[in-house]
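Engineer: Numbering (the working numbering), first residue to last: 7 to 275. Quick reminder that beta carbons are idealized off the backbone N, C-alpha and C, glycines included.
Structure, rendered in structure tokens:
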């Protein structure tokens with residue numbers, strides 16, 4: 007198990023008040039993902055929409071605008087995020103539900119659409135997530151999501167690798183690792199990749215941003231305790247050595263955009 011989910015919930019709950027102030031990448035990716043939203047699902051209208059990992063609820067009003075007649079369910083593992091989102095967004099008739107994506111509290115075949123932007127990379131078991139998505143989607147329903155790949159923050163991982171042998175950077179699944187566990191009843195309609203490189207004048211800009219996002223190291227079994235001064239010095243020197251020709255500090259994000267569609271009627275009793 008790579009991800010400590012309790013750490014995920016606690017970290018993002020604490021970051022609820024600061025997240026939106028530094029979430030430019032997250033907003034850009036979410037807007038790009040919305041271009042993949044369906045207007046209808048076959049001959050059916052979109053009746054129930056889940057924003058899975060809704061965070062501060064930034065895209066919840068946009069989903070409600072896209073599907074004004076649909077029931078909107080905003081789901082997140084972090085209670086602090088949900089509390090902030092419910093108060094900040096004030097969407098009429100929306101539902102705010104604290105739940106684990108790998109154990110969704112919804113009936114079989116109950117969702118027309120599941121939208122998830124940069125959230126499912128924090129799941130501990132992607133196969134379990136896919137089983138749940140397949141279960142709750144209605145036939146013809148779609149799972150529209152963006153997530154992160156293993157090249158994300160490669161510069162940060164490389165710099166820490168020169169400082170010590172501990173795991174300091176979150177580890178994410180490759181495209182093959184995502185696709186190999188897709189259930190037979192989910193058809194892969196889209197699976198695209200994009201590299202986004204953010205640039206900062208100083209390393210502190212990146213590290214402060216990650217802290218305000220709540221995107222700390224969520225790996226289970228990481229080093230516990232303080233990091234020594236010498237290791238921090240080596241880390242900073244290794245990152246500084248990766249400055250680009252324009253003098254900026256780079257931070258790469260590998261983003262996957264995907265649309266999975268449920269094609270067969272479930273056999274669940």
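Does the Cβ of residue 18 have 16 or more other Cβ atoms within 10 Å, making it buried, or fewer, making it exposed?
Structural biologist: Locating residue 18 in the chain shown gives position 12, where the first residue counts as 1. Classification for residue 18: buried.
Engineer: Please go through the same chain and pick out, in chain order, the residues whose beta-carbon is closer than 8 Å to the beta-carbon of residue 27, but skip the five residues on each side of it.
Structural biologist: On the chain shown, residue 27 is found 21 positions in, with the first residue counted as 1. Cβ neighbours of residue 27 within its own chain (closer than 8 Å, five residues either side excluded): 218.
Engineer: What's the C-alpha gap between residue 261 and residue 89?
Structural biologist: As a first step, residue 261 must be located in the chain shown, where it is residue number 255. As a first step, residue 89 must be located in the chain shown, where it is residue number 83. Cα-Cα distance, rounded: 28 Å.
Engineer: Would the beta-carbon of residue 130 fall within 8 Å of that of residue 241?
Structural biologist: Along the chain shown, one-based indexing puts residue 130 at 124. Along the chain shown, one-based indexing puts residue 241 at 235. No, these two residues do not count as a Cβ contact at 8 Å.
Engineer: Taking the alpha carbon of residue 3 as the point to measure from, which residue in 165, 235, 139, 252 has its own alpha carbon closest?
Structural biologist: As shown, the chain starts at 7 and ends at 275. That puts residue 3 outside it, with no answer to give.
Engineer: Using only alpha-carbon positions, find the residue among 110, 64, 121 that is nearest to residue 93.
Structural biologist: Stepping through the chain shown from its first residue, residue 93 is reached at position 87. Looking at the Cα atoms, 64 is the closest of the given residues.
Engineer: Nearer than 7 Å: is that true of the beta carbon of residue 78 relative to any heavy atom of the ligand NAP?
Structural biologist: Ligands are entirely absent from the displayed structure, and the ligand NAP is therefore not among its contents.
Engineer: Beta strand (DSSP E) containing residue 103: first to last residue?
Structural biologist: Looking up residue 103 in the chain shown gives position 97. Per DSSP, residue 103 belongs to the beta strand (DSSP E) from 101-104.
Engineer: For residue 149, tell me which candidate among 171, 160, 115 has the shortest Cα-Cα distance.
Structural biologist: The residue given as residue 149 occupies position 143 in the chain shown. With respect to the C-alpha of residue 149, the residue from 171, 160, 115 having the closest C-alpha is 115.
Engineer: Would you check if the distance between the CB atom of residue 136 and the CB atom of residue 187 is smaller than 8 Å?
Structural biologist: The residue given as residue 136 occupies position 130 in the chain shown. The residue given as residue 187 occupies position 181 in the chain shown. Cβ distance < 8 Å, so residue 136 and residue 187 count as in contact.
Engineer: Let's test the definition: count the other Cβ atoms within 10 Å of the Cβ of residue 276 and tell me whether it reaches 16, buried, or not, exposed.
Structural biologist: This structure leaves residue 276 out entirely; the chain is present only between 7 and 275.
Engineer: Can you give me the start and stop residues for the alpha helix (DSSP H) that residue 238 sits inside?
Structural biologist: For the purposes of this step, residue 238 is taken as residue 232 along the chain shown, with counting starting at 1. Run containing residue 238: 235-246, per the alpha helix (DSSP H) assignment.
Engineer: Return the chain-ordered list of same chain residues with a C-beta closer than 8 Å to the C-beta of residue 248, the five sequence neighbours on each side being excluded.
Structural biologist: Working through the chain shown from its first residue, we reach residue 248 at position 242. So the qualifying residues of the chain are 161, 164, 165, 255, 256.
Engineer: Can you give, in chain order, each stretch of the alpha helix (DSSP H) that sits fully within the region 35-92 and has at least 4 residues?
Structural biologist: With a minimum length of 4 residues, the unbroken runs of alpha helix (DSSP H) contained wholly in the region 35-92 fall at 66-72.
Engineer: Would you report the Cα separation of residue 53 and residue 76, rounded to the nearest angstrom?
Structural biologist: By 1-based counting over the chain shown, the position of residue 53 is 47. By 1-based counting over the chain shown, the position of residue 76 is 70. Spanning the two alpha carbons is a distance of roughly 4 Å.
Engineer: With distance defined between alpha-carbon atoms, name the residue in 172, 11, 24, 122 nearest to residue 234.
Structural biologist: Mapped onto the chain shown, residue 234 falls at position 228. Of the listed residues, the one whose Cα sits closest to residue 234 is 172.
Engineer: Using 10 angstroms around the beta-carbon of residue 45, count the other beta-carbons present and answer buried if the total reaches 16, otherwise exposed.
Structural biologist: Here residue 45 corresponds to residue number 39 of the chain shown, with the count starting at 1. Burial call: exposed.
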